[in-house]
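Only one structure is covered here, and it is reproduced in the block below.
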Amino acid sequence: MFTADIEGVSRPAFSDIETETLEFLIDFARSEGLGATWDAGRNVVFSLPQDEQADRYILVGSHVDSVPRGGNYDGLAGVLAGLLSLVRARREGIRFAEPVKVIAMRGEESAWFGPCYVGSKALLGLLSKTELGALHKKDGLTLDAHMEAIGIDMADIRAGKPLLNRSAVNAYIEIHIEQGPVLVKRNLPTAIVSGIRGNFRYKKISCFGEEGHSGAVPLAYRHDPVLAMAELLNVLDAAWHDFVAEGRDLVVTSGMVSTDQQKHALSRIPDSVEFSLDVRSQDTDMLKIMDALVRKHVERIEKERNVRFDLGEVLWTTPALCSKPLIGQLIGAVEALGLEPALISSGGGHDAAVFSEAGIPSGMIFIRNRNGSHNPQEAMDIDDFKTATSVLFQFLSNTHPVAHHQGLIGQTAKEPGPMFTEITEIIRQKGNAIHAYRAAAAAAQEAAIANPDCAAGYFMLGVAAWEFADAHYGEALHANFFDQELSRFERYTNVLEAAFSNGDDTARLRALSEVAQSMARQHQGSEKIDSGVNHTD
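Right, dumping it as structure tokens:
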């Protein structure tokens, strides 16, 4: 109502509109008996009255700004989920397991100035001089000027001094709408996030060739930049498919492609084409492999097609993994509510990436959302919002202290989280089809090599996944057939997970024997796919 635009909503970063949004939230919070204060970055921090002066606390937050004419839920849903958890605790007289503060942050979106995560970077002393000098897309004033204009004392920010005591934050938790289709496709209201993909981006790659008549220049004499671009993108697409089949995390996008509008024509071979390239992964090594692949094939295609590529500037963003102990606790909160747990990656960036990179254990909860994000058609269902908020409340009520790795930038804790069930999750994430079982088999093989203590279990899962994929490759199978197989596979992983999590060697051997016997019967055809694993005492 307060921030409606011609369509959708517009809450510009570091603007009066953004301030009015925060003031509205302050009024609501205080009406519910909560503490609400402005911090040094002109963000707002909410808490239960007894926790306002807490020395250490869990920080729950997200952002209140939006892209121009954006959706109603991006960012703000996460702030409200935290705020409503405080309201519920206040009304019901509940004390959380640890003190909790909720932060409504400014300036996460890059749409207004170019730099992203401005509010969280300023909190952690990570905002660079270059970023402070970025110009507003409409009025041309610097980010520094806009921040100062809303009342922020810029001295510490310009000096790179943190506005937040990092050691006071035991963990950072962010709820956010999913900005992709995974939860919609899987019919799940919420999921826990495994990590936020990093990326490398070439904003403008140019390929130069030789112009000519479309009908008069034979193949032998062509220097076609469009086909050179197409060959490069096709090579990257093929590599993408291969890496995903191996269980690697990767997405590849070319969102802008154009020839010169002043010269292009149906009957003309263009002399140049420009395109963008955005490659994302949770795995830094995967990003390096793909960048090397780009450069290798650029060099080859230049020679073979007699064209020239200009890659321009490349921008890198480091992946940010969520804390494994937090992931385990959040999954426990999901299960405590009787919900199906799911673990998915985030393709979009979030403030949680900044906190994670600063060495603060971080976790995220996604809410199902239709029609994508950064557009007026965002369609988060309020019941799904309630579900995700309940997961957060359950977590805050029952959480245990998370090891704080002060100064270990970009690292996450190594305590054991889900093991064998991650293989099942690969099958779910990849659509429960033949290629999904191949990916699961490859991932299980890698896990067996990397984790000797669990190698036998991973090996058996890999065999089971590969045998199913190999036996039914190329067949037209009903979805129910895959559902039955996934149910059988999930029973295997649950038996192994339960046994290997408690450290009892006898239980481990018993679980391996049970799964092996069940697989043997399945292989002989005497066990139906929808039968259970026989448990013994």
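Going from the sequence shown to my numbering is simple: count from 1 and add 758.
The beta carbon of each residue, even a glycine, is placed where N, CA and C say it ideally should be.
Look at Ala798 here: in three-state DSSP terms it is coil, with no helix or strand label. Counting the other Cβ atoms within 10 Å of the Cβ of Trp870 gives 16 or more, which makes it buried. Here the C-alpha atom of Ala812 lies approximately 9 angstroms from the C-alpha atom of Lys859.
When C-alpha distances from Trp796 are compared across Leu1101, Val940, Leu780, Leu806, the shortest belongs to Leu780. Within the same chain, Gly1005, Ile1181, Ile1184 come within 7 angstroms of Ala1201 by CB-CB distance, once the 5 residues on both sides are set aside. Under the three-state reduction of DSSP output, Trp1074 falls in the strand class.
The beta carbon of Gly836 lies closer than 6 angstroms to those of Ser820, Glu932, Ile933, His934 in the same chain, with the five residues before and after it left out. Asn1156 and Ala787 have their C-alpha atoms some 23 angstroms from each other. Taking a cut-off of 8 angstroms on C-beta distances, the region 938-958 touches the region 1140-1150, as three or more cross pairs fall below it.
Around the beta carbon of Pro1210, a 10 Å sphere encloses fewer than 16 other beta carbons of the protein chains shown; the residue is thus reported as exposed. Within the same chain, and ignoring the five residues on either side of Ile764 in sequence, the residues whose Cβ sits closer than 7 angstroms to its Cβ are Arg827. When DSSP states are grouped into helix, strand and coil, Ser820 belongs to the strand group. The C-beta distance from Pro1119 to Ala929 rounds to 5 angstroms, short enough to fall under 8 angstroms. Exposure of Pro976 is indicated by the presence of fewer than 16 other C-beta atoms within 10 angstroms of its C-beta.
Judged by DSSP in its simplified three-state form, Ile908 adopts coil rather than helix or strand. Distances from the CA of His894 to each of Ala1100, Gln1152, Val1065, Pro770 were compared; the closest alpha carbon is that of Pro770. In this chain, the alpha helix (DSSP H) harbouring Val876 covers 876-881. Taking Ile915 as reference, the option from Val927, Ser886, Pro1077, Val942 with the minimal CA-CA separation is Ser886.
By the 16-neighbour rule on beta-carbons within 10 angstroms, Arg853 is exposed.
Around the beta carbon of Ser1271, a 10 Å sphere encloses fewer than 16 other beta carbons of the protein chains shown; the residue is thus reported as exposed. Tyr815 is bridged by DSSP to Val927. Residue burial annotation: Met759 is exposed, with fewer than 16 other C-beta atoms found within 10 angstroms of its C-beta. For Asn957, the beta-bridge partners assigned by DSSP are Arg1038, Thr1075. DSSP places Ala862 in the uninterrupted beta strand (DSSP E) bounded by 858-863.
For a cut-off of 8 angstroms, the C-beta gap from Asp1036 to Thr1011 is around 5 angstroms, short enough to register as a contact.
Under the DSSP assignment, Phe1124 falls in the beta strand (DSSP E) whose first and last residues are 1120-1125. Contact annotation: Ala1257 and Ala1265 have beta-carbon atoms nearer than 7 angstroms.
Between Asp1018 and Glu969, the CB-CB gap reaches or exceeds 7 angstroms. Per DSSP, the continuous beta strand (DSSP E) segment holding Ser1103 begins and ends at 1101-1104. Linking Ser1114 to Leu1079 through their CA atoms gives a straight-line distance of about 7 angstroms.
Proximity of the region 1191-1199 to the region 1211-1224 meets the contact definition, three or more beta-carbon pairs being nearer than 8 angstroms.
Taking the Cα positions, Gln937 is about 11 angstroms away from His1108. Cβ-Cβ separation between Asp1049 and Ser964: approximately 18 angstroms, too far for a contact (criterion under 8 angstroms). Setting aside the 5 residues that flank it on each side, Leu890 is surrounded in the same chain by Leu901, Asp902, each with a C-beta closer than 6 angstroms to its C-beta; the list follows chain order.
Under a 10 Å Cβ-count criterion, Ala839 is classified as buried, with 16 or more other Cβ atoms of the shown protein chains found around its own Cβ. Boundaries of the alpha helix (DSSP H) around Thr777: 774-789.
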